[in-house]
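Working notes, structure below.
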Amino acid sequence: MKRIEGQVRGLHRMVDEDTYCIDVLTQVSAVQSALKGVALALLDDHMQHCVLHAAQQGEDEAMEKLDEVSAAVGRLLK
6 MKRIEGQVRG LHRMVDEDTY CIDVLTQVSA VQSALKGVAL ALLDDHMQHC
56 VLHAAQQGED EAMEKLDEVS AAVGRLLK
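Residue numbers for the sequence shown follow the numbering used here, beginning at 6 and rising by one.
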């Protein structure tokens, strides 16, 4: 997260300094990629812990968590 924060600060500086648009877009792409990595790691952790725990608790709780994960994946893929 600190790395992403630094990338975003750098992006802000680039815009303030009227950096060449393609260079700014390259930095935007790097930030998006880093955020996607964080999102995937969070999703994996959620699956390994929260969803697994819900599955052990019973079908109703498991289905609720699976629905949440499905919605989260849908948002990530937009």
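Cβ coordinates follow ideal geometry from the N, Cα and C atoms, glycine included.
Note that the structure is predicted; figures quoted are calculated from it, not measured.
Outcome for Gln-37 when other beta-carbon atoms lying within 10 angstroms are tallied against a minimum of 16: What you label residue 37 is simply residue 32 of the sequence shown in a count that begins at 1. Per the 10 Å Cβ criterion, exposed.
Near Gln-32, what residues of its chain come up, given a Cβ to Cβ distance below 8 Å and the 5 sequence neighbours on each side ignored? The residue given as residue 32 occupies position 27 in the sequence shown. Same-chain partners within the cutoff: Gln-12, Gly-15, Leu-16 and Met-19.
Buried/exposed call for Lys-41, threshold 16 Cβ in 10 Å: Along the sequence shown, one-based indexing puts residue 41 at 36. Exposed, because fewer than 16 other Cβ atoms sit within 10 Å of the Cβ of Lys-41.
Within a Cβ cutoff of 7 Å, which residues of the same chain sit near Glu-73, ignoring the five residues on either side of it in sequence? Within the sequence shown, numbered from 1, the residue matching residue 73 stands at position 68. Same-chain partners within the cutoff: there are none.
Which of the three DSSP states, helix, strand or coil, is assigned to Thr-31? Walking along the sequence shown from the start, residue 31 turns up at place 26. The answer is helix: DSSP assigns Thr-31 an H, G or I state.
The alpha helix (DSSP H) with Met-6 in it runs from where to where? The residue given as residue 6 occupies position 1 in the sequence shown. For Met-6, no alpha helix (DSSP H) run applies, since DSSP gives it neither H nor E.
Could you please give the first and the last residue of the uninterrupted alpha helix (DSSP H) stretch that includes Val-79? Locating residue 79 in the sequence shown gives position 74, where the first residue counts as 1. In the sequence as presented, Val is not what sits at residue 79; that position holds Gly. Counting along the chain, the alpha helix (DSSP H) containing Gly-79 begins and ends at 64 to 82.
Please state whether DSSP places Asp-23 in a helix, a strand or coil. By 1-based counting over the sequence shown, the position of residue 23 is 18. Three-state result, Asp-23: coil.
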